[in-house]
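A quick write-up on the structure given underneath.
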Amino acid sequence: MTTTIKIDPVTRIEGHARVLLDCDENGQVDEAHFCVNELRGFERILLGMEAHTLPQVTARICGVCPTAHHLVAAKALDNCTGVEIPEAARLLRELMYMGHVIHSHALSLFVLAGPDLVFGLGGDAATQNIVGMAEKEPELTQKGLRLRTLGQKINEVIGGRGIHPVTAVAGGLSFTISDGQCKRLQELSTEALSLIQDLFGQTRDLLLGLFDDNPALLRQLNIPTWYMGSVNNNGGLSFYDGILRVVDEKGALQREFPASDYDKYIVERTVSYSYAKEVYFDHQGSEHMYRVSTLARFNVIDGIDTPLAHREFEVFRERFGRPCHNAVVQMYAKLVELMYACENAVVLSQSSKIKGPTRVPAPMKAGRGVAHIEAPRGTLIHDYEIDDKGIVRAANMIIATQQNTAAINASIKQGANALPANESGEKILNGIEFIVRCYDPCLACSTHAIGRMGLDVEMRQGGEVRKRIVRGKYA
Numbered sequence: 013m014t015t016t017i018k019i020d021p022v023t024r025i026e027g028h029a030r031v032l033l034d035c036d037e038n039g040q041v042d043e044a045h046f047c048v049n050e051l052r053g054f055e056r057i058l059l060g061m062e063a064h065t066l067p068q069v070t071a072r073i074c075g076v077c078p079t080a081h082h083l084v085a086a087k088a089l090d091n092c093t094g095v096e097i098p099e100a101a102r103l104l105r106e107l108m109y110m111g112h113v114i115h116s117h118a119l120s121l122f123v124l125a126g127p128d129l130v131f132g133l134g135g136d137a138a139t140q141n142i143v144g145m146a147e148k149e150p151e152l153t154q155k156g157l158r159l160r161t162l163g164q165k166i167n168e169v170i171g172g173r174g175i176h177p178v179t180a181v182a183g184g185l186s187f188t189i190s191d192g193q194c195k196r197l198q199e200l201s202t203e204a205l206s207l208i209q210d211l212f213g214q215t216r217d218l219l220l221g222l223f224d225d226n227p228a229l230l231r232q233l234n235i236p237t238w239y240m241g242s243v244n245n246n247g248g249l250s251f252y253d254g255i256l257r258v259v260d261e262k263g264a265l266q267r268e269f270p271a272s273d274y275d276k277y278i279v280e281r282t283v284s285y286s287y288a289k290e291v292y293f294d295h296q297g298s299e300h301m302y303r304v305s306t307l308a309r310f311n312v313i314d315g316i317d318t319p320l321a322h323r324e325f326e327v328f329r330e331r332f333g334r335p336c337h338n339a340v341v342q343m344y345a346k347l348v349e350l351m352y353a354c355e356n357a358v359v360l361s362q363s364s365k366i367k368g369p370t371r372v373p374a375p376m377k378a379g380r381g382v383a384h385i386e387a388p389r390g391t392l393i394h395d396y397e398i399d400d401k402g403i404v405r406a407a408n409m410i411i412a413t414q415q416n417t418a419a420i421n422a423s424i425k426q427g428a429n430a431l432p433a434n435e436s437g438e439k440i441l442n443g444i445e446f447i448v449r450c451y452d453p454c455l456a457c458s459t460h461a462i463g464r465m466g467l468d469v470e471m472r473q474g475g476e477v478r479k480r481i482v483r484g485k486y487a
């Protein structure tokens, strides 16, 4: 007899989703499904639009990660028109993106996952949120939120807006930077680097303490998969550009390819339980579950080009190995990437090369434009077909959370089976939600509730509700 456990909604993630667990008569989870409730539909919305509007339109997909869509759309148009943008434009785009990574990683670590670090997985739902975190750890919370703000300010100086930037266009950027803007970027980047150096040790210790308090997380959540991420010419961490590298579950290199070849290897398919597709990697006729994420990037790269982050990356490798398959370790990797983004922002903001021409003519023409970027949550690909009038005739987007869906399901299943049966209902809910939050899924939604979130888990057998755990508005 099958029992179904429903968690609806999953809290402290970007968007709206629920979890369904099908259990056997012994209480073991047979299947787990992470169900995205939202219909995105942007591939259809873009059809018939003028191609030059894509960077601005696609930025509206999400209020949390608009810069990733904004820049990858501009890169795809660059590739379609066959232009090489000026060096100043490329460096400023990358600096804008470092601001976005700082904002997104700080949001994930100090707002969405922060309460888990401060209160543990058994915290009271009434205080397990940013408000409760601010009361218990005011200095940590204040500095974490300030770091997020600094990332947004960097994004705003270059992108014109902190949310939904507008300056990246086919051929480069729509403006040239002033001396005052350069100085402002240097100030923001320097403060961000100082803050992450201040926050790093405490945040790392909170993460390790969470692992120590919940040993099953590290012991049980080791799911071997393949991994994909971007590397630069030296095999180092690269967010803005590079080639895609794929390694197998043993860490052996299987493929390196440009984003334009993604459809030779990546297989998408719809599923009945969610609006998010599942995606697999096709290698020599066999499909493999793979991940894109902070963990995936750390499993494919050889190193990091900035000294502080590289030192912490080596500590990460020594502690967790290569490849590391544990989903919860992704938050640790995110902390190291946050250090890299701040360091790289300082380097870019101080470069004299960001001053100069930022745009070349890029008239729209018939063709295909494909590009990728490492979104905070993993590889993001945009693919457009444009006709001779500059109109979009086909569009496809491979979102990081789509690529992670199969692994999220596997992690939820393994994590749910690892939770002791005699735990309180609240801790079971928190544990499963925490596993989902380790992937930091982004569901194209920028709104979040603060405080007591509704949550309803029903355990059914033979069509009848045998047990119900209720939180919030369902009570």
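With the working numbering, letter number 355 in the sequence shown gets 367, and the count goes up by one each step, no holes. Note that beta-carbon positions come from the ideal geometry of N, C-alpha and C, so glycine has one too.
query: Roughly how many whole angstroms lie between the Cα atoms of Thr417 and His81?
result: For the purposes of this step, residue 417 is identified with residue 405 of the sequence shown, where counting begins at 1. For the purposes of this step, residue 81 is identified with residue 69 of the sequence shown, where counting begins at 1. If you draw a straight line from the Cα of Thr417 to the Cα of His81, it comes to about 20 Å.
- prompt: Out of curiosity, what's the CA-to-CA distance linking Leu347 and Ala353?
  reply: Counting from one through the sequence shown, the residue named residue 347 turns up at place 335. Counting from one through the sequence shown, the residue named residue 353 turns up at place 341. So the alpha carbons of these two residues sit roughly 10 Å apart.
query: Residues bridged to Ala180 by DSSP?
result: Mapped onto the sequence shown, residue 180 falls at position 168. Answer is Leu185, bridged to Ala180.
Cross-strand partners of Ile278 (DSSP beta bridge): One-based indexing of the sequence shown puts residue 278 at position 266. Paired residues: Phe293.
message: Going by DSSP, what residue range makes up the beta strand (DSSP E) through Ile385?
response: Here residue 385 corresponds to residue number 373 of the sequence shown, with the count starting at 1. Per DSSP, Ile385 is one residue of the beta strand (DSSP E) stretching across 379-387.
field: Residue environment, Leu129, which counts as buried when at least 16 other CB atoms sit within 10 Å
entry: As a working note, residue 129 is residue 117 in the sequence shown. Burial state of Leu129 is buried, judged by a 10 Å Cβ sphere holding 16 or more other Cβ atoms.
message: Below 8 Å, how does it come out for the stretch 391-411 and the stretch 60-78: are there three or more Cβ pairs, yes or no?
response: Taking 8 Å as the limit for Cβ pairs, the verdict is that the stretch 60-78 does touch the stretch 391-411.
field: Residues near Ile398 by beta carbon distance below 8 Å, same chain, minus five either side
entry: Here residue 398 corresponds to residue number 386 of the sequence shown, with the count starting at 1. Ala63, Cys92, Met376, Lys377, Ala378, Gly379, Arg380, Gly381, Val404, Arg405.
Alpha helix (DSSP H) segment containing Thr306, residue limits: The residue you call residue 306 lines up with position 294 of the sequence shown. That run of the alpha helix (DSSP H) goes 306-312.
field: Pick from Arg389, Thr153, Cys454, His117 that is closest to Gly241, judged by C-alpha positions
entry: Sequence index remark: in the sequence shown, residue 241 carries index 229 (1-based). The residue from Arg389, Thr153, Cys454, His117 with its alpha-carbon nearest to that of Gly241 is Arg389.
query: Run through DSSP, which three-state label would Met145 get?
result: Translated into positions along the sequence shown, residue 145 becomes position 133. Three-state DSSP puts Met145 in a helix.
query: Enumerated in chain order, which unbroken segments of the beta strand (DSSP E) with a length of 3 residues or greater are wholly contained in the stretch 107-161?
result: Entirely contained in the stretch 107-161, not one beta strand (DSSP E) run reaches 3 residues.
field: For Ile57, the first and last residue of its enclosing alpha helix (DSSP H)
entry: Along the sequence shown, read from residue 1 onward, the residue named residue 57 stands at position 45. Per DSSP, the continuous alpha helix (DSSP H) segment holding Ile57 begins and ends at 54-57.
message: Using 9 Å as the threshold, is the C-beta distance between Ala138 and Gly132 below it?
response: Stepping through the sequence shown from its first residue, residue 138 is reached at position 126. Stepping through the sequence shown from its first residue, residue 132 is reached at position 120. It is not a contact, given that the beta carbons lie outside the stated cut-off.
message: Looking only at its chain, what residues have a beta carbon closer than 8 Å to the beta carbon of Ala419, apart from the 5 residues adjacent to it on each side?
response: Residue mapping note: residue 419 aligns to position 407 of the sequence shown, counting from 1. Once the five neighbours on either side are set aside, the close Cβ partners of Ala419 are Ile235, Thr237, Met301, Tyr302, Arg303, Ala339, Tyr451.
- prompt: If we ignore side chains and look at the alpha-carbon of each, how far apart do Phe293 and Arg334 end up?
  reply: Position 281 of the sequence shown, counting from 1, holds the residue named residue 293. Position 322 of the sequence shown, counting from 1, holds the residue named residue 334. So the two alpha carbons sit approximately 20 Å from each other.
Extent of the continuous beta strand (DSSP E) to which Leu66 belongs: Position 54 of the sequence shown, counted from the first residue, corresponds to residue 66. Counting along the chain, Leu66 falls outside any beta strand (DSSP E), though it belongs to the alpha helix (DSSP H) covering 66-70.
query: Do Ala125 and Leu159 have their C-beta atoms within less than 9 Å of each other?
result: On the sequence shown, position 113 is the one that residue 125 refers to. On the sequence shown, position 147 is the one that residue 159 refers to. Leu159 is positioned such that its CB atom lies no closer than 9 Å to that of Ala125.
message: Is the separation between the beta-carbon of Gln193 and that of Ile175 shorter than 9 Å?
response: To locate residue 193, count along the sequence shown from 1; it is residue 181. To locate residue 175, count along the sequence shown from 1; it is residue 163. For the 9 Å CB-CB criterion, Gln193 and Ile175 do not form a contact.
field: Alpha-carbon to alpha-carbon, Glu445 and Leu467
entry: The residue labelled residue 467 in the question sits at position 455 within the sequence shown. The residue labelled residue 445 in the question sits at position 433 within the sequence shown. Caution is warranted here: a pLDDT of 46 is assigned to Leu467, below 50, making its placement in the model unreliable, and no coordinate value can be reported.
field: Meets three-Cβ-pair contact criterion under 8 Å: the stretch 172-187 and the stretch 94-114
entry: Under the Cβ criterion (8 Å, minimum of three pairs), the stretch 172-187 counts as touching the stretch 94-114.
message: For Val279 and Ile410, I'd like the C-alpha separation in whole angstroms.
response: The residue labelled residue 279 in the question sits at position 267 within the sequence shown. The residue labelled residue 410 in the question sits at position 398 within the sequence shown. If I take the Cα positions, the gap works out to 10 Å.
- request: Evaluate Asp136 with the Cβ neighbour count: other Cβ atoms within 10 Å of its Cβ, from every protein chain shown; 16 or more gives buried, anything less gives exposed.
  value: Residue mapping note: residue 136 aligns to position 124 of the sequence shown, counting from 1. Around the beta carbon of Asp136, a 10 Å sphere encloses fewer than 16 other beta carbons of the protein chains shown; the residue is thus reported as exposed.
message: Please classify Glu290 as buried or exposed, where buried requires at least 16 neighbouring CB atoms within 10 angstroms.
response: Here the question's residue 290 lines up with position 278 in the sequence shown. With 16 or more Cβ atoms within 10 Å of its Cβ, Glu290 is classed as buried.
C-alpha distance - Glu43 paired with Gly315, whole-angstrom precision: Position 31 of the sequence shown holds residue 43. Position 303 of the sequence shown holds residue 315. Approximately 37 Å, taken between the alpha carbons.
- request: Tell me whether Val243 is buried or exposed, calling it buried when 16 or more other Cβ atoms sit within 10 Å of its Cβ.
  value: Counting from one through the sequence shown, the residue named residue 243 turns up at place 231. It counts as buried.
message: Using the Cβ count rule (16 or more neighbours within 10 Å means buried), how would you classify Ser423?
response: In the sequence shown, counting from the first residue as 1, residue 423 sits at position 411. So Ser423 counts as buried.
- prompt: How should Gly254 be labelled, buried or exposed, when 16 other C-beta atoms within 10 angstroms of its C-beta is the threshold for buried?
  reply: Along the sequence shown, one-based indexing puts residue 254 at 242. For Gly254, the number of other beta carbons within 10 angstroms of its own is at least 16, and it is reported as buried.
field: Bridge partners - Leu392, DSSP secondary structure assignment
entry: Taking the sequence shown and counting its residues from 1, the one referred to as residue 392 is at position 380. In the DSSP assignment, the residues bridged to Leu392 are Ile385.
Beta-carbon proximity check, Leu66 vs Leu83, cutoff 9 Å: Here the question's residue 66 lines up with position 54 in the sequence shown. Here the question's residue 83 lines up with position 71 in the sequence shown. Judged by beta-carbon spacing, Leu83 lies beyond the 9 Å limit of Leu66, meaning their Cβ atoms are not closer than that value.
- request: Kindly indicate which three-state DSSP category Gly402 falls into: helix, strand or coil?
  value: As a working mapping, residue 402 is identified with position 390 in the sequence shown. Of the three classes helix, strand and coil, the one that applies to Gly402 here is coil, per DSSP.
message: Going by DSSP in three states, Ala88 sits in which element: helix, strand or coil?
response: In the sequence shown, the residue the question calls residue 88 occupies position 76. Residue state, collapsed to three classes: helix.
- prompt: Between the beta-carbon of Thr188 and the beta-carbon of Thr370, is there less than 9 Å?
  reply: For the purposes of this step, residue 188 is taken as residue 176 along the sequence shown, with counting starting at 1. For the purposes of this step, residue 370 is taken as residue 358 along the sequence shown, with counting starting at 1. Yes. Within cutoff.
Euclidean distance between Cα positions of Lys165 and Ala407: Stepping through the sequence shown from its first residue, residue 165 is reached at position 153. Stepping through the sequence shown from its first residue, residue 407 is reached at position 395. Between Lys165 and Ala407, the C-alpha separation is close to 31 Å.
query: Helix, strand or coil for Phe251 per DSSP?
result: On the sequence shown, residue 251 is found 239 positions in, with the first residue counted as 1. Shown here, Phe251 sits in coil according to DSSP, grouped into three states, outside any helix or strand.
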